[in-house]
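Novice:
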Amino acid sequence: MLGKIGIIAAVVALGGGAFLLVPGRKPEERTASTGATSAATADPAGTIPARLLDCTLGRITNFDPGKNQGPADYRFEGRHRFRLFLAATPVRTGPPPSALAAPEPVDAKTRILDDADGLSAGARAKPFLRVVDYWPERVEMATPISATASNLIVLDGFDAARGSVNLFMTAATDGMTFDRAHLYAGVCAVTLGAAAEQSAGG
């Protein structure tokens, strides 16, 4: 069964391009919570471990921005395998990057490993342009897929006891416009550290 997703209203600004913050929260509020949570899950050197996500995604068929929908209100169609690898990275304790700042370097090992059904609209073949990593609370990732659109991935709701995290993915064509025909969400099994790197092939 496909799991519930958290916040699906993430924003990508194209062109210069940048992730914005969690809606409704100020930068300092986000930094205080996510930085502390990331530090608590990092290794003694202050590094978030590598993560391998094996996901089952479905397409949301009834998303309506005019309604106040909760996760339990969504209906899903299909079951799609999706695999994503995030390289180890230092804990981020400062605020998220400015929406107008140049993209920060992204480790080339961070990549989509498997998207057999093409949900990411070609993003698998391209490097991520931006990754804002506040694991385990939230990770936001963007890959340009055309001159006017980016593939957007949001991770949240990490459950350490179950070893799972929620994933939401769509294409965005401007600051507030999602491709409502291609809204995907589901749950991913999480493998951490050296085991993740080995399974991902380095």
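Taking our numbering, the leading residue of the sequence shown gets 27, the next gets one more, and so forth. Just so you know, even glycine gets a beta-carbon here, dropped at the ideal spot from N, CA and C. Note that the structure is a prediction, hence the values are computed from the model and not measured.
#1: On a CA-only basis, which of Cys214, Leu218, Ala197, Val216 is nearest His208? Give me that one, please.
#2: Which value, in whole angstroms, describes the spacing of the CA atoms of Ala113 and Lys93?
#3: Looking at Leu78: is its Cβ nearer than 7 Å to the Cβ of Ala186?
#4: Rounded to whole angstroms, what is the Cα-Cα separation between Phe102 and Cys81?
#5: In three-state DSSP terms, what is Ala113?
#6: In the structure shown, what three-state DSSP assignment does Gly219 receive?
#7: In three-state terms, what does DSSP make of Asp182?
#8: Assign Ala226 to one of three DSSP states: helix, strand, or coil.
#9: With distances taken from CA atoms, which of Thr87, Leu178, Asp99, Asn88 is nearest Ala147?
#10: Whole angstroms is fine: what's the gap from Tyr160's alpha carbon to Pro116's?
#11: Measuring straight from C-alpha to C-alpha, what distance separates Gln224 and Ala98?
#12: Rounded to whole angstroms, what's the CA-CA distance from Met195 to Gln95? Just pull it up for me.
Specialist: According to the structure shown:
#1: Locating residue 208 in the sequence shown gives position 182, counting from the first residue. The shortest CA-to-CA distance from His208 to any of Cys214, Leu218, Ala197, Val216 is the one to Ala197.
#2: For the purposes of this step, residue 113 is taken as residue 87 along the sequence shown, with counting starting at 1. For the purposes of this step, residue 93 is taken as residue 67 along the sequence shown, with counting starting at 1. Cα to Cα, Ala113 sits roughly 37 Å from Lys93.
#3: Taking the first residue of the sequence shown as position 1, residue 78 is located at position 52. Taking the first residue of the sequence shown as position 1, residue 186 is located at position 160. No, these two residues do not count as a Cβ contact at 7 Å.
#4: What you label residue 102 is simply residue 76 of the sequence shown in a count that begins at 1. What you label residue 81 is simply residue 55 of the sequence shown in a count that begins at 1. Within the model, the alpha-carbon separation for Phe102 versus Cys81 is close to 15 Å.
#5: As a working note, residue 113 is residue 87 in the sequence shown. Three-state DSSP puts Ala113 in coil, outside helix and strand.
#6: In the sequence shown, residue 219 corresponds to position 193, counting from 1. DSSP places Gly219 in helix when its eight states are reduced to three.
#7: As a working mapping, residue 182 is identified with position 156 in the sequence shown. The three-state secondary structure of Asp182, taken from DSSP, is strand.
#8: In the sequence shown, the residue the question calls residue 226 occupies position 200. Correct three-state label for Ala226: coil.
#9: Translated into positions along the sequence shown, residue 147 becomes position 121. Out of Thr87, Leu178, Asp99, Asn88, the CA that lies nearest to the CA of Ala147 is found in Leu178.
#10: Here residue 160 is taken as the residue at index 134 of the sequence shown, counted from 1. Here residue 116 is taken as the residue at index 90 of the sequence shown, counted from 1. Those two C-alpha atoms are separated by around 10 Å.
#11: Within the sequence shown, residue 224 is the residue found at index 198, counting from 1. Within the sequence shown, residue 98 is the residue found at index 72, counting from 1. Distance between the alpha carbons of Gln224 and Ala98 is about 36 Å.
#12: Walking along the sequence shown from the start, residue 195 turns up at place 169. Walking along the sequence shown from the start, residue 95 turns up at place 69. Computed Cα separation, rounded: 17 Å.
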